[in-house]
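If you read the protein sequences in the order shown, they are chains A and B.
With the working numbering, letter number 50 in the first sequence gets 50, and the count goes up by one each step, no holes.
Convert by adding 1000 to the 1-based position in the second sequence; the result is the number in the working numbering.
Protein chains: 2
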Amino acid sequence: SLLRLKDLEVAELGDSDVHVKRLAAPINPADINMIQGTYPILSPLPAVGGSEGVGEVLEVGRCVTALKPGDWVIPASAGLGECVPRHPRHRWTPARRPVRCAATLSVNPCTAYRMLADFEALAPGDSVIQNAANSGVGQAVIQIAKASGIKTINVVRDRPDLSKLVERLMALGADHVVTEEMLRKPEMKDVFKSIPKPRLALNCVGGKSTTEMLRHLQPKGTMVTYGGMAKQPVMVPVSAFIFRDVRLRGFWVTQWRKDHAQGE
Amino acid sequence: SLLRLKDLEVAELGDSDVHVKRLAAPINPADINMIQGTYPILSPLPAVGGSEGVGEVLEVGRCVTALKPGDWVIPASAGLGECVPRHPRHRWTPARRPVRCAATLSVNPCTAYRMLADFEALAPGDSVIQNAANSGVGQAVIQIAKASGIKTINVVRDRPDLSKLVERLMALGADHVVTEEMLRKPEMKDVFKSIPKPRLALNCVGGKSTTEMLRHLQPKGTMVTYGGMAKQPVMVPVSAFIFRDVRLRGFWVTQWRKDHAQGE
């Protein structure tokens, strides 16, 4: 089979090495895509899966001064099995300690933060629309936007327990939660009585959901695609480009890290 | 019927008026769309059709100093029936006089020029890919790019007299002419042996043609949509946004004119 559970001996501690005991590691869609071979990063096999998590330092080599036993560390970059930062420069200690927060800090909240910061200069009172709003990134967007005074319109799929989900997202700080079907209904006008049309749309779905979301974007607004859960292309009427001057971009946190590795 | 040919009396010449005799007026797709009511500009009816052309000044009012009888003029902005610039500020005398050039100067070549200039900083030796390459804009792109040392890859639909069309576009300065079908063939590699992958793609078609053209765009490259001859949406795989960071924009010369009316 493709995946195998294997016990490994812990390597002998080198002068610049650090031994880390993994405390928690989430599974992201990207991790599954990497195993499927559909991700643009292919690791030489055999490889250890997973790209984020949190660990406790057990032991450090005699040249390591920046870390000490008991410290918590998270991986400095995405990639298979990178749970042990080998160089002290790569250390990044999370400020807050609940294990679930630390373990899921390096991918989704970073994606959410950069997308809110890098594409449109949003001011308090401005609004953002996003689909897959109950995803890891989506929930981070809601909380970061809330803390910044930016209003969020959150699109989710209809489901039997919709009201519970709405309640949960509102508790996180969502201003509006709507279903994909509602996007094309005249009632959407009511949403825009209290907040302006969004200048930024965050797309993790593709297909129809994206096209419908795009209707509500301000002229000259930007849609950023960072996922494709529907496994369908982004479809845009040419008139949106020509007559509304919408701008379509993409975001990939792994590439962002590479591009900004200097300023780490 | 919707369209009517009508003889009108020439209005009496006011102090700031100019009488212009129309020499030539082309019909653009946008003119037809306006009559169909599918264009975002709707003129109050009854309206005179057409948005560009060239005319000769026959007579000027006594306050007009910037124009004199015999001058050639073209309309200063797009819009129904604007063949008579009423204010001397709107005068724009074409430098070159062949009537066909003057009559078609204000829409397509401007579109071509701005799209080449405003989205990517292209240097001599860089390349551009465009579909509908035999359109008015397409031919202008070929000539302006050629004059700037920029290489063009020109996509056209297959047709019985393809070799004649290829010859004509090559004579205008095209570097490569390919059919839509060729875009997904391995032979496209040969094109990129002599020139770099394009940083800019110009899209006037939509649908499959656009998706295929997008494959050849450089990472971080820009595709500008300015038309939708296929009457199909632009379709983009989410991976192109996320992993190749392509940027999609739109262009509309009418909006550009409005945005830059100050610097006229």
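Built from N, CA and C at the ideal position, the CB exists for glycine as well.
Note that this is a predicted model, so its numbers are computed, not measured.
query: Boundaries of the beta strand (DSSP E) in which residue 1058/B is found, first to last residue; result: 1054-1060
query: Span of the alpha helix (DSSP H), counted from its first residue to its last, around residue 1168/B; result: 1162-1172
query: Contact list for residue 40/A against chain B, beta-carbon separation under 8 Å; result: 1239 and 1243
query: Beta-carbon proximity of residue 127/A to residue 151/A, cut-off 7 Å; result: yes
query: CA nearest to the CA of residue 1140/B, picked from 1112/B, 1231/B and 1216/B; result: 1112/B
query: Assumed close pair residue 985/B, residue 1240/B - CB separation to whole angstroms, cut-off 8 Å; result: An answer regarding residue 985/B cannot be provided, because it is not within the stretch 1001 to 1264 covered by chain B.
query: Sequence ranges, alpha helix (DSSP H) only - wholly within the segment 1104-1163 of chain B, length at least 4; result: 1108-1118 and 1136-1148
query: Burial state of residue 75/A (16 or more Cβ within 10 Å); result: buried
query: Beta-carbon spacing of residue 1033/B, residue 1107/B below 7 Å; result: no
query: Segment contact flag, the segment 1055-1074 of chain B with the segment 1013-1026 of chain B, C-beta cutoff 8 Å, min 3 pairs; result: yes
query: From 1024/B, 1037/B, 1015/B and 1012/B, residue whose alpha carbon lies closest to that of residue 1003/B; result: 1037/B
query: C-alpha distance - residue 1213/B paired with residue 1221/B, whole-angstrom precision; result: 12 Å
query: Residues near residue 1030/B in its chain [Cβ-Cβ closer than 7 Å; skip 5 each side]; result: 1039 and 1051
query: Chain B contact for residue 15/A (CB, 7 Å cutoff); result: no
query: Endpoints, beta strand (DSSP E) assigned at residue 203/A; result: 200-203
query: Proximal residues of chain A, C-beta to C-beta of residue 1233/B below 8 Å; result: 211, 235, 236, 237 and 238
query: Span of the beta strand (DSSP E), counted from its first residue to its last, around residue 5/A; result: Note, residue 5/A: premise wrong, no beta strand (DSSP E); not H, not E.
query: Where residue 214/A falls: helix, strand or coil (DSSP); result: helix
query: CB contact below 7 Å: residue 225/A versus chain C; result: Here chain C cannot be found, since the structure's protein chains are A and B.
query: Cβ-Cβ separation, residue 1129/B to residue 1174/B (assumed contact under 8 Å), whole Å; result: Between residue 1129/B and residue 1174/B the Cβ distance is about 11 Å, and since that is not below 8 Å, they are no contact.
query: Coil, strand or helix - residue 1183/B by DSSP; result: helix
query: Below-7 Å beta-carbon distance, residue 1228/B vs any chain A residue; result: yes
query: Straight-line Cα distance separating residue 143/A from residue 250/A; result: 22 Å
query: Endpoints, alpha helix (DSSP H) assigned at residue 1034/B; result: 1029-1036
query: Neighbour flag for residue 183/A against chain B, beta carbons, 7 Å; result: no
query: Bridge partner(s) assigned by DSSP for residue 191/A; result: Partner(s): none; residue 191/A has no beta bridge.
query: Range covered by the alpha helix (DSSP H) that runs through residue 1258/B; result: 1253-1259
query: Boundaries (first-last residue) of the beta strand (DSSP E) holding residue 1048/B; result: Run containing residue 1048/B: none; DSSP gives neither H nor E here.
query: is_contact[residue 1114/B, chain A] using C-beta, thresh 7 Å; result: no
query: Residue span of the alpha helix (DSSP H) that contains residue 1244/B, given as start and end; result: 1238-1244
query: The beta strand (DSSP E) enclosing residue 1225/B, as first and last residue numbers; result: 1222-1225
query: Cα-Cα separation between residue 8/A and residue 46/A, rounded to whole angstroms; result: 13 Å
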